[in-house]
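S.K.: -12 is the number of the first residue of the sequence shown in this note's numbering; add one for each residue after it. Beta carbons are placed, not taken as given, at the ideal position from N, Cα and C, and that holds for glycine. Remember, predicted model here, so these are calculated numbers, not experimental data.
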Amino acid sequence: MSDRPFDPRDLLTRLFRRAVAVADPMQVVPAHLPDRPAGRLVVIGAGKASARMAEAVESALGPCEGLVITRYGYGRPTRGIEIVEAAHPVPDQAGVAATARMLDLVAGLEADDTVLALILGGGSALLCAPADGLSLEDKRAVNAALLASGAPIGAMNVVRKHLSRVKGGQLAAACYPARLVSLLISDVPGDDPAEIASGPTMGDRSTPRDALEILARHDVDLPEAVCRVLGAGSGFVAPEDPRLARAETRIVAAPSQSLGAAVDEARRHGIDVRILGDAIEGEARAVAAEQAQMAMALRAEARDRGTPILLLSGGECTVTRRGDGVGGPNAKFVLAAALALNGAPDIDVLACDTDGVDGAAEVAGAYAGPDSLAVARASLLSIPKWRSTTTMPTGFSRPSTARS
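Next comes the structure, spelled out in structure tokens:
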């Protein structure tokens, strides 16, 4: 905000790319790798960038044995680790089959073996083993309803854990008595390892009752089989379970690191950075409106001082879906901010995911400048429709997908 000695869109895109770069598995994984064990080293993993993490492992250790599940189109070249692609954010049979093979791979390991688990965002959908008594369709129905409900990621993960045979520490238990080293890239507010990909290698204290309360609070319709499974309890693993005694966890990248890199890059350009936090949560529309008001309040200060001001934040916003739309929380954030700003000069907005996926869309997020709303209005699209869906209208740019 202020007189513009640079192109705001180019600068914001540069900051985003810098934030992505510091979370690149090729940069962050090698320093955290364990030594090769006396026995077998088996690499497993799940997440949108798990194939990139596997590639980083082999760049440091050479060809390895293992199996990693990633999103369709996100495979990477590896020499020993098998990369399997499956559906995200709603699981499919490919994910179920790959998860079953992963469990078979770690079964029967011995105490001198080591399992290296690569866990990050997207793993909740990709690592899919429905609890006994549930079908894949039951899991898909609950997952889709949760995604549309506006429930925060932590609440969704509680439900997922109790409908699974692999989440909530159950994957770690399956690896015992081998040593287990989990390398995590955080995508959750607060960086709680138990929340990343629903904590497949972390013990958990939530209960089936907690899951039922979350589903009721967000008015999620349940298949009968889900009610039966939650009523009967689940196979989650408590943190003190002896099968977790040989498990250790290392967070190799987190939102705070990406924000820090963006801050450094912005300050190199003489920008006054105001950090709002790295664990922002809430409905994207409400968070955007609040931050738009902050930007409006600071516009005069930026103009008077002749110094651009950057409001920078990270976290996990949600969207309550109404109708069919393109994009996710980032697109909704930018749209809501543009509507709140109503063409105010000298204020630009960018919201993106460092993993390159905004909701279920093949875009990282969106950008809007002072003229974006006018361009969208000129296209004769309905503003009330934009307000009630996640559709990204004409005039709002889509930054390139960035796959870390």
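When we look at the beta-carbon of GLY257 and count the other beta-carbons within 10 Å, is it buried (16 or more) or exposed?
M.R.: Locating residue 257 in the sequence shown gives position 270, where the first residue counts as 1. The residue is exposed, with fewer than 16 neighbouring Cβ atoms inside 10 Å.
S.K.: Could you pull the start and end residues of the beta strand (DSSP E) that THR188 belongs to?
M.R.: Within the sequence shown, numbered from 1, the residue matching residue 188 stands at position 201. Counting along the chain, THR188 falls outside any beta strand (DSSP E), and DSSP gives it neither H nor E.
S.K.: What residue from ALA363, PRO242 and GLY109 has the CA that sits closest to TYR61's CA?
M.R.: The sequence position of residue 61 within the sequence shown is 74, counting from 1. Selected option, being the one with the closest Cα: GLY109.
S.K.: In the DSSP assignment, find the beta strand (DSSP E) that holds GLY53 and state where it starts and stops.
M.R.: Working through the sequence shown from its first residue, we reach residue 53 at position 66. Per DSSP, GLY53 belongs to the beta strand (DSSP E) from 52 to 58.
S.K.: Looking at the strands, I want to know which residues DSSP matches up with LEU158.
M.R.: Within the sequence shown, numbered from 1, the residue matching residue 158 stands at position 171. DSSP output for LEU158 lists no bridge partner at all.
S.K.: How many angstroms separate the CA atom of VAL306 from the CA atom of LEU133?
M.R.: The count along the sequence shown starts at 1 and reaches residue 306 at position 319. The count along the sequence shown starts at 1 and reaches residue 133 at position 146. VAL306 and LEU133: Cα-Cα distance of roughly 11 Å.
S.K.: DSSP three-state label for ALA318, please.
M.R.: Position 331 of the sequence shown, counted from the first residue, corresponds to residue 318. It is helical.
S.K.: Near ASP(-3), which residues of its chain fall below 8 Å by C-beta distance, leaving aside the five closest residues on each side in sequence?
M.R.: Reading the sequence shown from its first residue, position 10 is the one you call residue -3. Here the set comprises nothing.
S.K.: Threshold first: 3 residues or longer. Then list the beta strand (DSSP E) segments lying entirely within the region 218 to 246, N to C.
M.R.: 234 to 240
S.K.: For SER151, write down the residues that DSSP places opposite it in a beta bridge.
M.R.: The sequence position of residue 151 within the sequence shown is 164, counting from 1. Answer is PRO117.
S.K.: Using 8 Å as the cut-off, can you tell me whether the region 119 to 127 makes contact with the region 52 to 69, which would need three or more C-beta pairs spanning the two stretches below that distance?
M.R.: Under the Cβ criterion (8 Å, minimum of three pairs), the region 119 to 127 does not count as touching the region 52 to 69.
S.K.: Could you check what DSSP says for THR305 in three-state terms: helix, strand or coil?
M.R.: Translated into positions along the sequence shown, residue 305 becomes position 318. Correct three-state label for THR305: strand.
S.K.: Since ARG261 and LEU299 should fall inside the 8 Å C-beta cutoff, what is the C-beta to C-beta distance between them, to a whole number of angstroms?
M.R.: Your numbering for residue 261 matches position 274 in the sequence shown. Your numbering for residue 299 matches position 312 in the sequence shown. Your pair ARG261 and LEU299 checks out as a contact, with CB atoms roughly 7 Å apart and the cut at 8 Å.
S.K.: To the nearest angstrom, how far is it from the Cα of THR377 to the Cα of ALA104?
M.R.: Looking up residue 377 in the sequence shown gives position 390. Looking up residue 104 in the sequence shown gives position 117. Here the model assigns THR377 a pLDDT of 49, short of 50, so the residue's position is not dependable and the matter cannot be decided.
S.K.: What did DSSP end up calling LEU297 once you bin it into helix, strand or coil?
M.R.: Position 310 of the sequence shown, counting from 1, holds the residue named residue 297. If DSSP states are grouped into helix, strand and coil, LEU297 belongs with the strands.
S.K.: Which value, in whole angstroms, describes the spacing of the CA atoms of GLU72 and GLU288?
M.R.: As a first step, residue 72 must be located in the sequence shown, where it is residue number 85. As a first step, residue 288 must be located in the sequence shown, where it is residue number 301. Cα to Cα, the separation comes out at about 50 Å.
S.K.: Taking the beta strand (DSSP E) that GLY264 belongs to, which residues open and close that run?
M.R.: Numbered from 1 along the sequence shown, position 277 holds the residue referred to as residue 264. That run of the beta strand (DSSP E) goes 259 to 270.
S.K.: Assuming GLY53 and ILE68 form a contact by the criterion Cβ under 8 Å, report the distance between their Cβ atoms to the nearest whole angstrom.
M.R.: The residue labelled residue 53 in the question sits at position 66 within the sequence shown. The residue labelled residue 68 in the question sits at position 81 within the sequence shown. Contact flag correct, Cβ pair sits at about 4 Å.
S.K.: Counting beta carbon pairs with one atom in the region 196 to 209 and one in the region 263 to 281, are three or more of them shorter than 8 Å?
M.R.: no
S.K.: Just to confirm, is the Cβ distance from ILE334 to LEU326 under 7 Å?
M.R.: For the purposes of this step, residue 334 is identified with residue 347 of the sequence shown, where counting begins at 1. For the purposes of this step, residue 326 is identified with residue 339 of the sequence shown, where counting begins at 1. No, the Cβ-Cβ distance between ILE334 and LEU326 is not below 7 Å.
S.K.: Please go through the same chain and pick out, in chain order, the residues whose beta-carbon is closer than 6 Å to the beta-carbon of SER136, but skip the five residues on each side of it.
M.R.: Along the sequence shown, read from residue 1 onward, the residue named residue 136 stands at position 149. Counting only Cβ-Cβ distances below 6 Å, and skipping sequence neighbours, we find HIS205 and VAL207.
S.K.: In this structure, what does DSSP give as the bridge partners for VAL30?
M.R.: Along the sequence shown, one-based indexing puts residue 30 at 43. Answer by DSSP bridge pairing, in chain order: GLY53 and LEU103.
S.K.: In angstroms with no decimal places, state the Cα-to-Cα distance between SER387 and GLY352.
M.R.: For this step, residue 387 is matched to residue 400 along the sequence shown. For this step, residue 352 is matched to residue 365 along the sequence shown. In this prediction, SER387 has a pLDDT of 47, which is less than 50 and means its spatial position is unreliable; nothing more can be read from the coordinates.
S.K.: Apart from the five residues on each side of it in sequence, which residues of its chain come closer than 6 Å, Cβ to Cβ, to ARG392?
M.R.: Given that the chain is displayed from residue -12 to residue 391, the structure contains no residue 392 and the question cannot be resolved.
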